[in-house]
Amino acid sequence: VSENSCSSAPAPRCSFYLPLKAEFLELRWTKNPDPSRVGKRVETVIRTNKFDTRGKIIPGEEVVSKNPTFGLDRITNHLTKYESPVQAAGMADLRIECDSMNWMPEIGKGGGFSSWQMQQMTNNQETGVNENYLVTLATGLHFVRLNPNVVELGKINRVLNQSSGETNDLGLVASESLFVTSLDKSGDACTATLGVDVKPLIAFFEKLQESRTKDWTASNSDDYRAESDELLKSGQSTIRYSIFQGSLQFDSAGFPTVFVITGERELE
Amino acid sequence: MKKTTLIILFVVGLIASVSVTAAESELSASARLRKLSLHLRGFPPSREEFIELGAATVVENNELEAYWRKKTEEYLSSPQHIAKMASRLDGLFRFRLSEAPGERYFADIANETLLSSNGYTLPSYPSDGIQNPADSLFRRIVAKDESWDRLLTSGDYLVYEIKTLGTPVAFSPDRDFLEALLLGKALVSRSSGDRWEYLEGVNRTDPRLAGAVTTKRFLRRYVNSTTNRSRRRAAAVFNIFLCDEMRPVVIPNESDDRKALAKAFPADSSGKPSEHARAMAKLGEEGKHGRDPMCMSCHYKLDPMAKTFTLVGDVLSEELSPGALVYKREDGSLVNIPAQGIGDIGRSIVQQPEYARCQVKHFWNWFMGKDVPLTPERREELVAKFNEVKRKPKAFVSYLVNQPEFYRPSQKLDPQVASYLRAEPFLKDCSECHDAGQGPENFLPLPIGGSAETHRERIADIAKALDLPHEGKDAIMPPSYSGWDKSHVKKAIFELRSWICTGAPNSKGKSTIEKSDLPEGTCVN
């Protein structure tokens, strides 16, 4: 905590406890006319247009997970409950633990933050210059004090889904520089800057991403001997995979269109 | 074809004869028409208009006056005038130019193409610049001849929406920005068209709304960061509405320099992020910056206003953030008006005499030219007229373009007065810091220090500090960290030397010093 106009107390060191749930889909053949494919990743060919003779082979789940209905490729954080309460059911809320809470005496005692902003480098559309810019993530945040040095987020009046880039999934802890505003009892606004070390979290996400592609090598398809075309020949093929049972459908040009669940979720 | 050529030659002949008979300093009728058209619409008159002018100049003089009134009214009512004024306001607010393609340059665009049913917007153009409440407000004020104050006090906003089968599916970012006020019923939707929605403030004195200042465009232009803490926005308000231009000052500090270097070239390549983050947080020494007298020369007025922006992020908050309008008048008296929000600040600013003077200066610069000196006496006359026409832009512009300075631009000012007017802005700039404990006192009004004796001493000090005997070669003022760029320093030295060497005349042109009061060699060369 630095540049704190809310209190003259020494700057404390705080930790954020950020609940996250990552759900990734991976499709592997469990049944295939070509026995050598069983256990391997399902492949899909993407062509930029139907006249292309070459296509890029991508993992099949990338097509499926793009379907927003399923949202199989997703990270749920403590802010998700404001948009998708079902998805975030049972998820804990953001917790802040500090050496001392004197830096923001009113927090958790009926007071909270009027606004919670993050700083990010953005191109200024009026000047064309890249500048640090405070982006509002939420307004009207109320915290509950769990013990003298720990508070937990209880309520937010308004969440603005504006974070982007590599810290998109970190909820309110979306930047290494956060800016909070609070109103004291007399209605005067005070502010504080929170310098956050988000590098371990970003490294974690990078590792997670790496693990998903560990046995995948990007390649191009010259002759359409990719599996999506095999699926296309049969019009609609059923595939089985680790979490869901369903089918991929393709249009007449070979473009994947929809993913239809034909079975129940397997608790594998 | 031949017939047309002959007519043109005839008209040119007529105009030439008029210009010969008119006062030497007065523009010829054709030049005046051209100037009027360029200033009001942004492009020259058509050939037909010159022919019309030719016909007007052969009639009685009072008919010619009627002709100028008619042309002024015609141009002021044109959509191109709205676009021209909107582009001037874009410049004043330092926005990206947002006029529709071609609207400024072509006279033959049909009015209905430019004006929507509500008469002041351009929804037919897809330019994102135009589809925003700031630009709509600019155009509305000009088109409907509303009070200029509404730039800072309006609580009404036009937002754009995209509809699919009649149902809104997307809004301009400002709708999101104003959402909190819609939910809280501080704003209501009064009307809507195919691609726009008009939101009207329920309470005309809502402390959260301040015209063009509380639009996404202004707030994105003057972005907020953890270090500037809305001061940049406050500085823009001071600059646009009170003509108080402030410059960022960076006080040199060896410790800061070392930290900056360490940050740029970290010694430990493995890096320990938490320490790095802490170093970043301390860099800048906010507390010291807030106490330094040179910084405080601006921060005493910036910070109270910046507080009213504290909760104005990229969305408006439901809550208020109080602050104050604080600044020193030229006579040294302090203005300190508490405000519940930036809306209150706006309403307070438009009550100040400095506001009216500042806006008159903008109009003067636009229509007469920045290089045409405006004496304090003339400025006060124009301020009185500005107030008399209820600060309505059309009425005021109509008055201005019929003033002698517009059509008789070559008229000469007393050189002594002109010298004072050129030096005055630099004396004001110097006072910004010197008045805050960095030096003797305010350099304005004259005499400096209040007496003829202190005045003579201070002028001699200025000559020494600027090293005028050597044309500023070893000048110790302004300091390198003053925020003045080199060209500004060079111009300041040139203008202050010219002023001092003509006897440091006051606003009435009367000399206030003798050359013998100055260091030797000050006015040689």
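Residue numbers (my numbering), protein chains in the order written: chain R, 4 to 271; chain L, 1306 to 1830.
Ideal Cβ placement from N, Cα and C applies to all residues, glycine included.
Bear in mind the structure is a predicted one, so any value in this text is a computation, not a measurement.
Quiz item: How many whole angstroms separate the CB atoms of Ala1439 (chain L) and Arg1522 (chain L), which I take to be in contact at a CB cut-off of 8 Å?
Solution: Translated into the one-based positions of the second sequence, residue 1439 (chain L) becomes position 134. Translated into the one-based positions of the second sequence, residue 1522 (chain L) becomes position 217. Sure, about 4 Å apart at Cβ, within 8 Å.
Quiz item: In its own chain, which residues sit with a C-beta less than 6 Å from the C-beta of Lys1690 (chain L), not counting the 5 before and 5 after it?
Solution: Numbered from its first residue, the second sequence carries residue 1690 (chain L) at position 385. Cβ within range, chain order: Tyr1704.
Quiz item: Under the three-state reduction of DSSP, which class applies to Arg1393 (chain L): helix, strand or coil?
Solution: Taking the second sequence and counting its residues from 1, one reaches residue 1393 (chain L) at position 88. DSSP places Arg1393 (chain L) in helix when its eight states are reduced to three.
Quiz item: So which residues of chain L does Glu134 (chain R) contact, with C-beta pairs closer than 7 Å?
Solution: In the first sequence, counting from the first residue as 1, residue 134 (chain R) sits at position 131. Under the 7 Å cutoff, chain L gives Val1528.
Quiz item: Hey, does Leu175 (chain R) have any beta-carbon neighbour from chain L nearer than 8 Å?
Solution: As a first step, residue 175 (chain R) must be located in the first sequence, where it is residue number 172. It does not: the Cβ of Leu175 (chain R) has no partner Cβ on chain L nearer than 8 Å.
Exercise. Could you check what DSSP says for Val41 (chain R) in three-state terms: helix, strand or coil?
Key: Residue 41 (chain R) sits at position 38 when you count from the first residue of the first sequence. Three-state DSSP puts Val41 (chain R) in coil, outside helix and strand.
Quiz item: Can you name, in chain order, every residue of its own chain whose Cβ lies under 6 Å from the Cβ of Gly1826 (chain L), other than the five neighbours on each side?
Solution: Your numbering for residue 1826 (chain L) matches position 521 in the second sequence. Cβ neighbours of Gly1826 (chain L) beyond the five flanking positions: Pro1774.
Quiz item: Taking Cβ positions, are Thr1458 (chain L) and Arg1652 (chain L) nearer each other than 8 Å?
Solution: Here the question's residue 1458 (chain L) lines up with position 153 in the second sequence. Here the question's residue 1652 (chain L) lines up with position 347 in the second sequence. In contact: Thr1458 (chain L) and Arg1652 (chain L) (Cβ atoms closer than 8 Å).
Quiz item: At a cut of 8 Å, does the region 96 to 113 of chain R reach the region 155 to 163 of chain R through at least three beta carbon pairs?
Solution: yes
Quiz item: Got a sec: is the Cβ-Cβ distance from Lys1340 (chain L) to anything in chain A below 8 Å?
Solution: Among the chains of the structure shown, chain A does not appear; the protein chains present are R and L.
Practice problem: Report buried or exposed for Ser1613 (chain L), applying the criterion of at least 16 other Cβ atoms within 10 angstroms of its Cβ. | Solution: On the second sequence, residue 1613 (chain L) is found 308 positions in, with the first residue counted as 1. Before going on, a small fix: residue 1613 (chain L) reads as Thr here, not Ser. The residue is buried, with at least 16 neighbouring Cβ atoms inside 10 Å.
Quiz item: Helix, strand or coil: how does DSSP classify Arg1542 (chain L) here?
Solution: For the purposes of this step, residue 1542 (chain L) is taken as the residue at position 237 of the second sequence. This sequence places Val at residue 1542 (chain L); Arg is not what is there. If DSSP states are grouped into helix, strand and coil, Val1542 (chain L) belongs with the helices.
Quiz item: Thinking C-alpha only, which one of R:Val199, R:Pro88, R:Gly143 is nearest Ser5 (chain R)?
Solution: Translated into the one-based positions of the first sequence, residue 5 (chain R) becomes position 2. Nearest of R:Val199, R:Pro88, R:Gly143 to Ser5 (chain R), Cα basis: R:Val199.
Quiz item: What residues are listed by DSSP as bridge partners for Phe19 (chain R)?
Solution: Position 16 of the first sequence, counted from the start, is the residue given in the question as residue 19 (chain R). DSSP lists R:Ile99 as partners of Phe19 (chain R).
Self-check item: Cβ distance (whole Å) where Ala1768 (chain L) is taken to contact Ala1780 (chain L) below 8 Å
Solution: For the purposes of this step, residue 1768 (chain L) is identified with residue 463 of the second sequence, where counting begins at 1. For the purposes of this step, residue 1780 (chain L) is identified with residue 475 of the second sequence, where counting begins at 1. Wrong, their Cβ atoms sit about 10 Å apart, outside the cutoff.
Quiz item: Taking three-plus beta-carbon pairs below 8 Å as touching, is the region 1682 to 1701 of chain L in contact with the region 1648 to 1668 of chain L?
Solution: yes
Quiz item: With 8 Å set as the bound, which would you pick, yes or no: does the beta-carbon of Val1620 (chain L) sit closer than that to a beta-carbon of chain R?
Solution: As a first step, residue 1620 (chain L) must be located in the second sequence, where it is residue number 315. Closer than 8 Å: yes.
Quiz item: Using a Cβ-Cβ distance under 8 Å, would Ser117 (chain R) count as near chain L?
Solution: On the first sequence, position 114 is the one that residue 117 (chain R) refers to. Chain L contact via Cβ: present.
Quiz item: What residues in its chain sit with their C-beta under 6 Å from that of Tyr1503 (chain L), if we drop five residues either side in the sequence?
Solution: Within the second sequence, residue 1503 (chain L) is the residue found at index 198, counting from 1. Same-chain partners within the cutoff: Leu1463, Arg1495, Ser1496.
Self-check item: Ile1654 (chain L) vs Leu1630 (chain L) beta-carbon contact at 8 Å
Solution: Here residue 1654 (chain L) refers to the residue found at position 349 when the second sequence is read from its first residue. Here residue 1630 (chain L) refers to the residue found at position 325 when the second sequence is read from its first residue. Yes, these two residues count as a Cβ contact at 8 Å.
Quiz item: Over what stretch of residues does the alpha helix (DSSP H) that includes Tyr1786 (chain L) continue unbroken?
Solution: Here residue 1786 (chain L) corresponds to residue number 481 of the second sequence, with the count starting at 1. Unbroken run through Tyr1786 (chain L): none, as it is neither H nor E.
Practice problem: Return the chain-ordered list of same chain residues with a C-beta closer than 7 Å to the C-beta of Met1673 (chain L), the five sequence neighbours on each side being excluded. | Solution: The residue labelled residue 1673 (chain L) in the question sits at position 368 within the second sequence. Counting only Cβ-Cβ distances below 7 Å, and skipping sequence neighbours, we find Glu1710, Phe1711.
Quiz item: Where does His1760 (chain L) sit, in a helix, a strand or coil, going by DSSP?
Solution: Against the second sequence, residue 1760 (chain L) aligns to sequence position 455. DSSP places His1760 (chain L) in helix when its eight states are reduced to three.
Quiz prompt | Local conformation of Phe146 (chain R) per DSSP, three classes | solution = Residue mapping note: residue 146 (chain R) aligns to position 143 of the first sequence, counting from 1. If DSSP states are grouped into helix, strand and coil, Phe146 (chain R) belongs with the strands.
Practice problem: Give a yes or no on contact between the region 84 to 98 of chain R and the region 114 to 134 of chain R, applying the rule of three or more CB pairs nearer than 8 Å. | Solution: no
Quiz item: Going by beta carbon distance, what residues of the same chain come within less than 8 Å of Ala1611 (chain L), once the five residues before and after it are set aside?
Solution: Along the second sequence, one-based indexing puts residue 1611 (chain L) at 306. Result list for Ala1611 (chain L): Arg1534, Ser1535, Arg1536, Arg1538, Ala1539, Gly1628, in chain order.
Quiz item: Of all the options L:Arg1525, L:Met1782, L:Tyr1372, L:Arg1509, which has the alpha carbon lying nearest to the alpha carbon of Leu137 (chain R)?
Solution: On the first sequence, residue 137 (chain R) is found 134 positions in, with the first residue counted as 1. Nearest option by C-alpha distance: L:Arg1525.
Practice problem: Reducing DSSP to helix, strand and coil, say where Asp1573 (chain L) ends up. | Solution: Reading the second sequence from its first residue, position 268 is the one you call residue 1573 (chain L). Confidence at Asp1573 (chain L) is low in this model, with a pLDDT of 47, below 50, so its placement is unreliable and the value that follows should be read with caution. If DSSP states are grouped into helix, strand and coil, Asp1573 (chain L) belongs with coil.
Quiz prompt | Gln1721 (chain L) vs Thr1807 (chain L) beta-carbon contact at 8 Å | solution = On the second sequence, position 416 is the one that residue 1721 (chain L) refers to. On the second sequence, position 502 is the one that residue 1807 (chain L) refers to. Yes, these two residues count as a Cβ contact at 8 Å.
Quiz prompt | Proximal residues, the region 1384 to 1396 of chain L versus chain R, C-beta separation under 7 Å | solution = none
Quiz item: By the 10 Å Cβ neighbour count, where 16 or more other Cβ atoms means buried, how is Phe116 (chain R) classified, buried or exposed?
Solution: Start at 1 with the first residue of the first sequence, and residue 116 (chain R) comes out as number 113. Classification for Phe116 (chain R): buried.
Exercise. Report the option in R:Lys210, R:Arg161, R:Leu140, R:Leu21 whose CA atom is closest to the CA atom of Ile99 (chain R).
Key: Translated into positions along the first sequence, residue 99 (chain R) becomes position 96. With distances taken between Cα atoms, Ile99 (chain R) lies closest to R:Leu21.
Quiz item: To the nearest angstrom, how far is it from the Cα of Asp191 (chain R) to the Cα of Glu1624 (chain L)?
Solution: Looking up residue 191 (chain R) in the first sequence gives position 188. Looking up residue 1624 (chain L) in the second sequence gives position 319. So the alpha carbons of these two residues sit roughly 11 Å apart.
Quiz item: Are the C-beta of Lys1699 (chain L) and some C-beta of chain R separated by less than 8 Å?
Solution: Walking along the second sequence from the start, residue 1699 (chain L) turns up at place 394. So, not an interface residue.
Quiz prompt | Residue burial classification, Lys1675 (chain L) (beta-carbon count within 10 angstroms, cutoff 16) | solution = As a position in the second sequence, residue 1675 (chain L) is number 370, starting the count at 1. It counts as exposed.
Quiz prompt | Exposure label - Glu1682 (chain L); buried when at least 16 CB within 10 Å | solution = Here residue 1682 (chain L) refers to the residue found at position 377 of the second sequence. Exposed.
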